[in-house]
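Q: Chains as they are written, first to last, in the numbering used here: chain A, 1 to 205; chain F, 1001 to 1205. All C-beta atoms in this analysis are idealised placements derived from N, C-alpha and C, irrespective of residue type, glycine included. This is the structure, below, for whatever I ask next.
Protein chains: 2
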Amino acid sequence: MTSARPEPRQLPRRAAEIIAAARVLLESEGRDALTMRRLGAALGIRAPSIYKHLPGKHAVEVALIEAGLAEMGEALHRAVTDPQAPAGTGAVARVLAAYRTEALARPSLYRLATSGQLPRAELTPGLEDWAGEPWLLAAGDPVLAQAMWSFAHGMVILELDQRYPDGSDLDRTWRAGAEAFNLAAGAGPARDIAAKGPSGREEDM
Amino acid sequence: MTSARPEPRQLPRRAAEIIAAARVLLESEGRDALTMRRLGAALGIRAPSIYKHLPGKHAVEVALIEAGLAEMGEALHRAVTDPQAPAGTGAVARVLAAYRTEALARPSLYRLATSGQLPRAELTPGLEDWAGEPWLLAAGDPVLAQAMWSFAHGMVILELDQRYPDGSDLDRTWRAGAEAFNLAAGAGPARDIAAKGPSGREEDM
DNA sequence: CTGACAGGCTAACGATGTTAGCCACTGCAG
DNA sequence: CTGCAGTGGCTAACATCGTTAGCCTGTCAG
């Protein structure tokens, strides 16, 4: 049913340490703070030394995007297959809720992983599809899955960027979206929880 | 019914020329090309001379965001109040379609205007609300309006960033979203076309 | 012992936004 | 007509960015 997470190729020890430091720096100080010199400082070395372990800043970002994608995938898979789901909550609502929770817990990482083009060529093959799979499982239909994912991303990114008016009750908005997609899933070709086998390729996160 | 567009404070002649050049540069060469030196070059002057007319790059961006917001607002207002709307297309579908069309026509401007935090303090007062008004008019309900807008933004930004799988039929996905929200609008407290008066404050674009 | 290599370092380059200070031209007051 | 202030250019320079080149030191295999 739900496929296995593709194994990410693991980095040499020191490179992994650099990525870990980069992640701390990113999440604690924000995107602009993710600088080769500051990253070096966090590690007690100078910026050029980082190049002994990684080919450049882009590689650091790719590694972080991979991590973000993988963790989001984990969270979403957990949500769809939850064995003791609170009775009454459909898979749609659970995936949406998990998406929001995960994104808000790592705002900078989420932004990094989801804005701009994905460096697909440098990513672990299959990871993107695997991370998007839960949407298909929850929606039962590829098109609806895509629509739901788009809604979720829009909600999250606009919330992170503080684009909503101050008094907004975002919980209600999420619920309204979930309801709309649940209705559509009912009216559409497939029903709530996944049918059986996926047919088409799926999108990421 | 639909309120008037707030008058943007207009810039001195030369400053307006700079903004115009910035816009051409942004849309033709992409966000990274929007550089003070390149902007100067496009105008036949040096970068520091720009500071005689505008306080800095941030001001250039703010002016561009204003323009993006205003034009999107125009397009959406046109869509909701369309007197000769193709019979059968609801306001919801028309606003969604207009949003997508407008965004895809000015991808870099859209991205600039919608990613990151809005510099609300520097914007023409009321512009943001005015630009978001059509969503409320189409959805008939503030919460649903917010959800629709989030869906639309998610769809557009993911399309611009080429995050969807290659073969995706995005027209279908938009239709699926429109359908879902139409169903919800029917089931919800208000019906398709706007009731009468707006009640709460609205979000942007 | 020697030599390769791993992993640090400094110096430097070409970008970026921005500031300081200089200079030419215009137009108005006296 | 003269003088002078404002307008709008300019160059030089600074700090910061990613990145490269080249050096040096320690470790460990042959």
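Chain F partners of Met72(A), CB-CB under 7 angstroms?
A: Neighbours of Met72(A) on chain F: none; closest Cβ ~13 angstroms, over 7 angstroms.
Q: With a threshold of 16 other CB atoms inside 10 Å of the CB of Val60(A), please say whether the residue is buried or exposed.
A: Label assigned to Val60(A): buried.
Q: Can you tell me whether Ala1098(F) sits near the ligand GTP, meaning its C-beta is under 8 angstroms from at least one heavy atom of the ligand?
A: Only the bare structure without any ligand can be found here, which leaves the ligand GTP out of the picture.
Q: Counting C-beta neighbours from all protein chains within 10 Å, is the total for Val1104(F) 16 or more, i.e. buried, or is it exposed?
A: One detail in the question is off: residue 1104(F) reads as Leu in this sequence, not Val. Under this definition Leu1104(F) is an exposed residue.
Q: Could you check if Gln84(A) is buried or exposed, using at least 16 other CB atoms within 10 Å of its CB as the buried criterion?
A: Exposed is the call here.
Q: Can you find a C-beta in chain F that's less than 9 angstroms from the C-beta of Leu11(A)?
A: Judged by the 9 angstroms Cβ criterion, Leu11(A) is not in contact with chain F.
Q: Work out the CA separation of Glu71(A) and Ala1131(F) for me, nearest whole Å.
A: Spanning the two alpha carbons is a distance of roughly 36 angstroms.
Q: Leaving out five residues before and five after Leu1144(F) in sequence, what residues of the same chain have Cβ atoms less than 7 angstroms from its Cβ?
A: Only Phe1181, Ala1184, Ala1185, Gly1188 meet the Cβ criterion.
Q: Since Thr1035(F) meets chain A, which of its residues come closer than 7 angstroms, beta carbon to beta carbon?
A: Ordered by position in chain A, no residue passes the 7 angstroms Cβ test against Thr1035(F), which lies about 17 angstroms from the chain.
Q: Which chain A residues sit within Cβ distance under 7 angstroms of Glu1179(F)?
A: What Glu1179(F) touches in chain A: Ala184.
Q: How about Ser1003(F): is its C-beta nearer than 9 angstroms to some C-beta of chain A?
A: Not closer than 9 angstroms to any Cβ of chain A, the Cβ of Ser1003(F) fails to qualify, so no.
Q: Run through DSSP, which three-state label would Ser1199(F) get?
A: Low confidence applies to Ser1199(F): its pLDDT is 45, below 50, so where it sits in the model is not reliable enough to give any reading.
Q: Can you check whether the C-beta of Thr101(A) is within less than 9 angstroms of a C-beta belonging to chain F?
A: It does not; no Cβ of chain F falls within 9 angstroms.
Q: Check whether the region 1062-1069 of chain F and the region 1117-1126 of chain F touch, using three or more Cβ-Cβ pairs below 8 angstroms as the test.
A: Enough Cβ pairs lie closer than 8 angstroms, so yes.
Q: At what residues does the alpha helix (DSSP H) containing Ile1019(F) begin and finish?
A: Run containing Ile1019(F): 1013-1029, per the alpha helix (DSSP H) assignment.
Q: Is Pro1008(F) closer than 9 angstroms to Glu1066(F) when the C-beta atoms are compared?
A: Closer than 9 angstroms, so yes.
Q: Can you give me, in chain order, the residues of the region 95-123 of chain A that have a beta carbon less than 7 angstroms from any beta carbon in chain F?
A: From the region 95-123 of chain A, only Ser115, Gly116, Gln117, Leu118 have a Cβ closer than 7 angstroms to chain F.
Q: Okay, do the region 149-167 of chain A and the region 28-43 of chain A touch, 3+ Cβ pairs below 8 angstroms being the bar?
A: The answer is no - the region 28-43 of chain A does not touch the region 149-167 of chain A, with fewer than three Cβ pairs under 8 angstroms.
Q: Quick check on the burial criterion: 16 or more other C-beta atoms within 10 angstroms. Buried or exposed for Arg1046(F)?
A: Under this definition Arg1046(F) is an exposed residue.
Q: For Ala79(A) and Arg1106(F), I'd like the C-alpha separation in whole angstroms.
A: Straight-line Cα distance between these residues: approximately 37 angstroms.
Q: Which chain F residues are close to His153(A), counting only those with a beta carbon under 8 angstroms from its beta carbon?
A: Correct list: Gly1154, Ile1157, Leu1158.
Q: What are the start and end residues of each continuous alpha helix (DSSP H) run of 4 or more residues lying completely inside the region 1133-1193 of chain F, in chain order?
A: Runs found: 1142-1160, 1170-1187.
Q: For Ala138(A), tell me which candidate among Leu170(A), Asp82(A), Leu160(A), Pro165(A) has the shortest Cα-Cα distance.
A: The shortest C-alpha separation from Ala138(A) is found at Asp82(A).
Q: When the cut-off is 9 angstroms and only beta carbons count, does Ser28(A) lie next to chain F?
A: Answer no: the Cβ-Cβ gap between Ser28(A) and chain F never drops below 9 angstroms.
Q: Taking CB distances under 9 angstroms as the criterion, tell me whether Asp1032(F) reaches chain A.
A: Chain A, which has no Cβ nearer than 9 angstroms to the Cβ of Asp1032(F), makes this no.
Q: What's the gap between the Cα of Ile19(A) and the Cα of His58(A)?
A: Each residue's Cα considered, the two are about 12 angstroms apart.
Q: Run the CB neighbour count on Thr173(A), radius 10 Å, all protein chains shown included, and call it buried at 16 or more, exposed below.
A: Buried is the call here.
Q: On the DSSP letters alone, give me the boundaries of the alpha helix (DSSP H) that Tyr99(A) sits inside.
A: Segment 91-105, the alpha helix (DSSP H) holding Tyr99(A).
Q: For Ala1207(F), is the classification buried or exposed, using 16 other Cβ atoms within 10 angstroms of its Cβ as the cut-off for buried?
A: Residue 1207(F) lies beyond the range of chain F shown here (1001 to 1205); nothing can be said about it.
Q: Do we get a CB-CB distance below 9 angstroms when we pair Val62(A) with the residues of chain F?
A: Not one chain F Cβ lies under 9 angstroms of Val62(A).
Q: What three-state label does DSSP hand Ala1004(F) in the structure shown?
A: Coil at Ala1004(F), not helix or strand.
Q: What distance in whole Å lies between the Cβ atoms of Val92(A) and Leu76(A), which are believed to be in contact at a cut-off of 8 angstroms?
A: With a Cβ gap of about 12 angstroms, Leu76(A) and Val92(A) do not count as contacting.
Q: Checking contacts by CB at 9 angstroms: is Ala194(A) closer than that to chain F?
A: Below a pLDDT of 50, predicted positions are generally treated as unreliable, and Ala194(A), at 40, falls in that range; the measurement from the model is reported next regardless. False, the Cβ-Cβ gap to chain F never drops below 9 angstroms.
Q: Could you name the residues of chain F that Asp171(A) contacts, counting a contact when the two beta carbons are closer than 7 angstroms?
A: Neighbours of Asp171(A) on chain F: none; closest Cβ ~10 angstroms, over 7 angstroms.
Q: So Tyr110(A) and Leu160(A) are supposed to be a Cβ contact under 8 angstroms. How far apart are they, rounded?
A: Indeed, because the Cβ distance is near 7 angstroms, the residues count as touching under 8 angstroms.
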